[in-house]
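Each remark here refers to the structure printed beneath this line.
Residue numbers (the UniProt record's numbering): 1 to 300.
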């Protein structure tokens, strides 16, 4: 790995992310009409004390992957706004990815609505959590941005947050640790009641859910109680033996990210052909190499 190139790329990514987040609350230029499309016709209250917080993760997952492949070619451009303007023109979610995110988020909201009738959504005002800042080690920027979104949520009267993915959940946990983020939050998987599902899968665990958020058993229990059959191999799917999808390495080294994803997919397919995940980024990283579904696509 060319360390000098990586350092330059890291500095470019930091500049792009930080400026976009502080100006627009999103990491990349994004058509917010597409991002909130899932809520169309759902009659979801705008805002409120309790909100479903998507943090654009399902909507932007494929965009994250595009940036992984695209950013390395832009290390010599210099000004971050050049990258931002290029991204605005060229990097957009595919129609099929948006349609899939619509189905998933609508299903998540419906499952929550069976047990909670008071859940709103911030629509196009929703801010991104800042998880990329934390995961790439930009801690000063992460804390500064986190302070801004905490202020934003409080100005909107938000008193409880329901998350849909592990990256956002873990980010809020770290904002609590670093800046005293004091709005209660929890994953939708800990809220939904009795659900039904079908299918047979090997589970790929999000590193964040299983190792940092103590949800390894929670997710399995929810899947099994819904009627999902999970095939386990303690050397591949055990709490301490699973490994990364490769996604976090992508912005700095796309080849490394892909090699990790291929290796993880191969180990999972050795256990069973069909893979189940509970993370939009795990999905986009593993999807080229295996048959895969998100848990919110198979329960309801």
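For each residue, glycine too, the CB sits at the ideal point set by N, CA and C.
Which of helix, strand or coil DSSP assigns to residue 200: As a working note, residue 200 is residue 200 in the chain shown. In the three-state reduction of the DSSP assignment, residue 200 falls in the strand class, which pools E and B.
Under the three-state DSSP convention, the category residue 247 falls into: Counted from its first residue, the chain shown places residue 247 at position 247. Three-state DSSP puts residue 247 in a helix.
Nearest neighbour of residue 57, chosen from 289, 133, 281, 292 [CA to CA]: Counting from one through the chain shown, the residue named residue 57 turns up at place 57. Minimum Cα distance to residue 57 is reached at 281.
Coil, strand or helix - residue 276 by DSSP: Taking the chain shown and counting its residues from 1, the one referred to as residue 276 is at position 276. In this structure, residue 276 counts as strand in the three-state DSSP scheme.
Supposed close pair residue 228, residue 115 - CB separation, criterion 8 Å: Walking along the chain shown from the start, residue 228 turns up at place 228. Walking along the chain shown from the start, residue 115 turns up at place 115. The distance from the Cβ of residue 228 to that of residue 115 is about 20 Å, inconsistent with a contact at the 8 Å cut-off.
Alpha helix (DSSP H) segments (min. 4 residues) lying fully within the stretch 150-229: As far as the stretch 150-229 is concerned, its whole alpha helix (DSSP H) runs of at least 4 residues are 166-179, 216-226.
Which residues DSSP lists as bridging residue 46, in chain order: For the purposes of this step, residue 46 is identified with residue 46 of the chain shown, where counting begins at 1. Bridge partners of residue 46: 121.
Residue 141 classed as buried or exposed, judged by whether at least 16 other C-beta atoms fall within 10 angstroms: Here residue 141 is taken as the residue at index 141 of the chain shown, counted from 1. Buried: at least 16 other Cβ atoms inside 10 Å.
Own chain partners of residue 168 with C-beta closer than 7 Å, once the 5 adjacent residues on each side are dropped: Position 168 of the chain shown, counted from the start, is the residue given in the question as residue 168. Shown here for residue 168: same chain residues with a beta carbon closer than 7 Å to its own, the five before and five after excluded, namely 53, 55, 57, 129, 131 in chain order.
Contacts around residue 171, its chain only, beta-carbon distance under 7 Å, and the 5 residues preceding and following it disregarded: As a position in the chain shown, residue 171 is number 171, starting the count at 1. So the list reads 129, 130, 131, 134, once near-sequence residues are dropped.
C-alpha gap between residue 137 and residue 174, whole angstroms: Looking up residue 137 in the chain shown gives position 137. Looking up residue 174 in the chain shown gives position 174. The straight-line gap from Cα to Cα measures roughly 12 Å.
Identified DSSP bridge partners for residue 53: The residue given as residue 53 occupies position 53 in the chain shown. Per DSSP, 163.
Cβ neighbours of residue 272 in the same chain (closer than 6 Å, five flanking residues each side left out): Mapped onto the chain shown, residue 272 falls at position 272. Excluding residues up to 5 positions away in sequence, 202, 231 lie with their Cβ nearer than 6 Å to the Cβ of residue 272 in the same chain.
Closer than 9 Å to chain C by CB, residue 261: The chain inventory of the structure shown lacks chain C, comprising one protein chain alone.
Cβ pair count under 8 Å reaching 3, the stretch 256-274 against the stretch 183-197: The answer is no - the stretch 183-197 does not touch the stretch 256-274, with fewer than three Cβ pairs under 8 Å.
Simplified DSSP state of residue 294, which is helix, strand or coil: By one-based count along the chain shown, residue 294 stands at place 294. The three-state reading of DSSP puts residue 294 in strand, counting E and B together.
For residue 122 and residue 42, the rounded distance between their alpha carbons: For the purposes of this step, residue 42 is taken as the residue at position 42 of the chain shown. For the purposes of this step, residue 122 is taken as the residue at position 122 of the chain shown. Going from the Cα of residue 42 to the Cα of residue 122 covers about 13 Å.
Backbone CA spacing between residue 161 and residue 258 [nearest angstrom]: On the chain shown, position 161 is the one that residue 161 refers to. On the chain shown, position 258 is the one that residue 258 refers to. Straight-line Cα distance between these residues: approximately 33 Å.
Closest Cα partner of residue 163 within the set 185, 178, 262: What you label residue 163 is simply residue 163 of the chain shown in a count that begins at 1. Nearest C-alpha to residue 163: 185.
Assumed close pair residue 21, residue 29 - CB separation to whole angstroms, cut-off 8 Å: Position 21 of the chain shown, counted from the first residue, corresponds to residue 21. Position 29 of the chain shown, counted from the first residue, corresponds to residue 29. Contact between residue 21 and residue 29 is absent: CB atoms are separated by about 12 Å, not below the 8 Å threshold.
Close-in-space but distant-in-sequence residues of the same chain around residue 287 (CB under 6 Å, 5 per side omitted): Numbered from 1 along the chain shown, position 287 holds the residue referred to as residue 287. Closer than 6 Å at Cβ, skipping near neighbours: no residue.
First through last residue of the alpha helix (DSSP H) which encompasses residue 108: Counted from its first residue, the chain shown places residue 108 at position 108. Per DSSP, residue 108 belongs to the alpha helix (DSSP H) from 95-113.
Cβ-Cβ distance between residue 206 and residue 248 below 9 Å: As a working mapping, residue 206 is identified with position 206 in the chain shown. As a working mapping, residue 248 is identified with position 248 in the chain shown. Going by C-beta atoms, residue 206 is not nearer than 9 Å to residue 248.
Proximity winner among 61, 36, 187, relative to residue 126 (alpha-carbon distances): Residue numbering aside, residue 126 sits at position 126 when the chain shown is read from its first letter. Nearest option by C-alpha distance: 36.
Residue 299 (DSSP reduced to helix, strand or coil): As a working mapping, residue 299 is identified with position 299 in the chain shown. Residue state, collapsed to three classes: strand.
Backbone secondary structure at residue 253 - three-state DSSP: For the purposes of this step, residue 253 is identified with residue 253 of the chain shown, where counting begins at 1. Looking at residue 253 - three-state DSSP - the assignment turns out to be coil, as it is neither helix nor strand.
CA nearest to the CA of residue 283, picked from 246, 299, 253: Translated into the one-based positions of the chain shown, residue 283 becomes position 283. Ranking 246, 299, 253 by Cα distance to residue 283 puts 246 first.
DSSP three-state assignment for residue 116, whether helix, strand or coil: The residue you call residue 116 lines up with position 116 of the chain shown. Reduced to three states, the DSSP call for residue 116 is coil.
Top-ranked residue by Cα proximity to residue 225, from 295, 237, 255: What you label residue 225 is simply residue 225 of the chain shown in a count that begins at 1. Among 295, 237, 255, the Cα nearest to that of residue 225 belongs to 295.
Extent of the continuous alpha helix (DSSP H) run through residue 34: Here residue 34 refers to the residue found at position 34 when the chain shown is read from its first residue. Residue 34 -> alpha helix (DSSP H) spans 32-35.
Range of the contiguous alpha helix (DSSP H) that encloses residue 231: Indexing the chain shown from 1 puts residue 231 at position 231. From DSSP, residue 231 is part of no alpha helix (DSSP H); its letter is neither H nor E.
Exposure of residue 285, with buried meaning 16 or more beta-carbon neighbours within 10 Å: Residue 285 sits at position 285 when you count from the first residue of the chain shown. It is buried - the Cβ of residue 285 has at least 16 other Cβ atoms within 10 Å.
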